[in-house]
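Quick note: the sequence shown uses our numbering, first residue 3, plus one each step.
The beta-carbon is built from N, C-alpha and C at its ideal position, and this holds for glycine as well.
Reading through the structure tokens given below for one structure.
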Amino acid sequence: MHIVLSINGEGRGHLSRSIALAEALERRHRISFCAPAHLAGELAARFNGSRIIEIPYLAFEQKGFAIDYPKTIAKNFSLFVDSSAVQNRLASEFRLIGAEGILSDFEPFASRTAKRLGLPVLQLNHPGIVSRVASFSPAAIASRLVARYMMDCSDQTLLCSFFSGDVGPIIRKALRDKPLSNGGRFVAYVKDRYRGILEPLFESLGAERFSVFPDPDKDYESELAACSGLIAPAGHQSISEALALGKPAFVIPVKGQFEQELNARKLRESGFGDWAYFEDVSLRLPAFVSRIESYHAKLDEARASPGPDARGFWACSDDTLRAASLAESFFEAAAARSRLASRRPAGVLAGSFSFSNFPLIRF
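Right, dumping it as structure tokens:
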């Protein structure tokens, strides 16, 4: 079957999840991608021969260390205006390559195009988790509205999360294959705008204890597998990769980005790590470093369990292959329905595929 993975370009988490799923699916299926231009090179290098169709993406704008909503709306407004033109182009591409299904990670254009063409669409992402949270803050409401737009045209949705998801962490083969150890150092993935302020804090705690990324001279996957803990923005993929490798995390959410704030709060609630807004990092990070063994103990206990904890809540083990299996089952069922419909007399309706028979983690 020819499956097109469509990838949101805001942050690297969508890319990492899609790579992990494509690695599992490419063994039995033909794989193509819809992705923004800045992700195309990495995909082309990893999936040689796969078709990569360039798409636009919705991006956040920041003011200092918080989301600037007026600028975000202004920057993305033209994409809504041009949506029909994007879909027309994608429709031609999908017909040309013989696409048979769309696996979308929070990407709206390919899924809308697929619905026009009658192709099955599976949404598998993390940001949609905001739709399961009963919060009425302006940021939460805005996040749910965005999630509704991004996921509106899917036939089924699977949410990937270390809390309240349908599947747990999805991690790339490059991480899964690394030998695990605890070398006592911390991996810090630091955005450029934070680096000049955070590095003096690392110096005060002992610069030799921190391996700072991005760094073209070091291998992130190897260092994460061998570290004591991760310090990173509060995107879900970084957190879930760390937890799946048994590494506690300290995260820094962007103010006003509700999904990141939710990830951070749930991380603290789990006992697997802590968080702070940027202005409070100097107060909370030293405590995280000093208590790292207690976080390890909590995480090790959870990872030793056969599944989520007694409340069915935390998922901190690699769930990539189950997620890929669920995706494959969805597309195989869709293909079977299509074959059946082509042979069925007019007026007889086909059934629909459901994940209800699978042991999913829910609120």
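Between Tyr196 and Phe215 the beta-carbon gap is near 12 Å, outside 8 Å, which marks them as no contact.
Between the region 152-172 and the region 128-135 there are three or more C-beta pairs closer than 8 Å, enough to call the two in contact. Where Leu126 is concerned, the enclosing beta strand (DSSP E) starts and stops at Val123 to Asn127. In terms of Cα proximity to Gly275, the closest of Glu334, Ala306, Phe164 and Ile55 is Phe164. Note on the region 246-332: whole alpha helix (DSSP H) runs with a minimum of 4 residues are 260-272, 283-292 and 294-306, in chain order. Leaving aside the five residues that flank Phe212 on each side, the residues in its chain whose CB is nearer than 6 Å to its CB run, in chain order, Phe188, Ala190 and Phe204.
Val148 sits in a helix when the DSSP states are folded into three classes. The DSSP-derived three-state label of Val214 is strand. According to DSSP, Thr159 shares a beta bridge with Gln125. Positions of the alpha helix (DSSP H) runs, each at least 4 residues long and wholly inside the region 164-250, are given as 175-178, 194-208, 222-228 and 238-246 in order along the chain. At the C-beta level, Lys220 and Leu232 stay beyond 7 Å of one another. When rounded, the separation of the alpha-carbon atoms in Glu25 and Gly51 is 14 Å. In its chain, beyond the 5 residues on either side, Gly130, Ile131, Gly167 and Asp168 have a beta carbon closer than 6 Å to the beta carbon of Leu161. Residue environment for Lys73: exposed (fewer than 16 other C-beta atoms within 10 angstroms of its C-beta). Only residues of its own chain outside the window of five on either side were considered, and among them Leu207 have a CB closer than 7 Å to the CB of Pro288, listed in chain order.
Under the 10 Å beta carbon count, Leu98 is surrounded by fewer than 16 other beta carbons and is classified as exposed.
For Gly103, the enclosing beta strand (DSSP E) has its first and last residue at Gly103 to Asp107.
In the three-state DSSP reduction, Ile75 falls in the helix class (H, G or I). Here the C-alpha atom of Ala299 lies approximately 13 Å from the C-alpha atom of Ala251. Under DSSP, Arg32 forms a beta bridge with His4.
Pairwise C-beta distances place the region 228-244 in contact with the region 169-189, as three or more of them are shorter than 8 Å.
Under the 10 Å beta carbon count, His16 is surrounded by 16 or more other beta carbons and is classified as buried. For Pro255, same chain residues with a beta-carbon under 8 Å away, outside a window of 5 residues either side, are Pro235, Ala236, Gln262, Glu263, Asn265, Ala266, Trp277 and Tyr279 in chain order.
For Ile21, the enclosing alpha helix (DSSP H) covers residues Gly15 to Leu27.
Distance check between Glu12 and each of Tyr59, Ala338, Arg339 and Ile54 places Tyr59 closest, using alpha-carbon atoms only. In the DSSP secondary-structure assignment, Glu56 is bridged to Ala37. Sequence-distant partners of Ser133 (beyond 5 residues in either direction) whose C-beta falls short of 7 Å from its own C-beta, in its chain, are Arg146 and Ala149. In the same chain as Arg324, and ignoring 5 residues on each side of it, the C-beta atoms closer than 7 Å to its own belong to Val169, in chain order. For Val88, the enclosing alpha helix (DSSP H) covers residues Ser85 to Ile99.
Boundaries of the alpha helix (DSSP H) harbouring Ala116: Pro110 to Leu119, taken from the DSSP string.
Per DSSP, reduced to three states, the secondary structure at Ala136 is coil, with no helix or strand assignment. The residue from Arg30, Ala46, Val135 and Arg305 with its alpha-carbon nearest to that of Asp320 is Arg305. By the Cβ criterion, the region 99-106 is in contact with the region 115-123, since at least three pairs of Cβ atoms, one from each stretch, lie closer than 8 Å. The alpha carbon of Gly100 has as its nearest neighbour, out of Leu247, Glu303, His4 and Ile172, the alpha carbon of His4.
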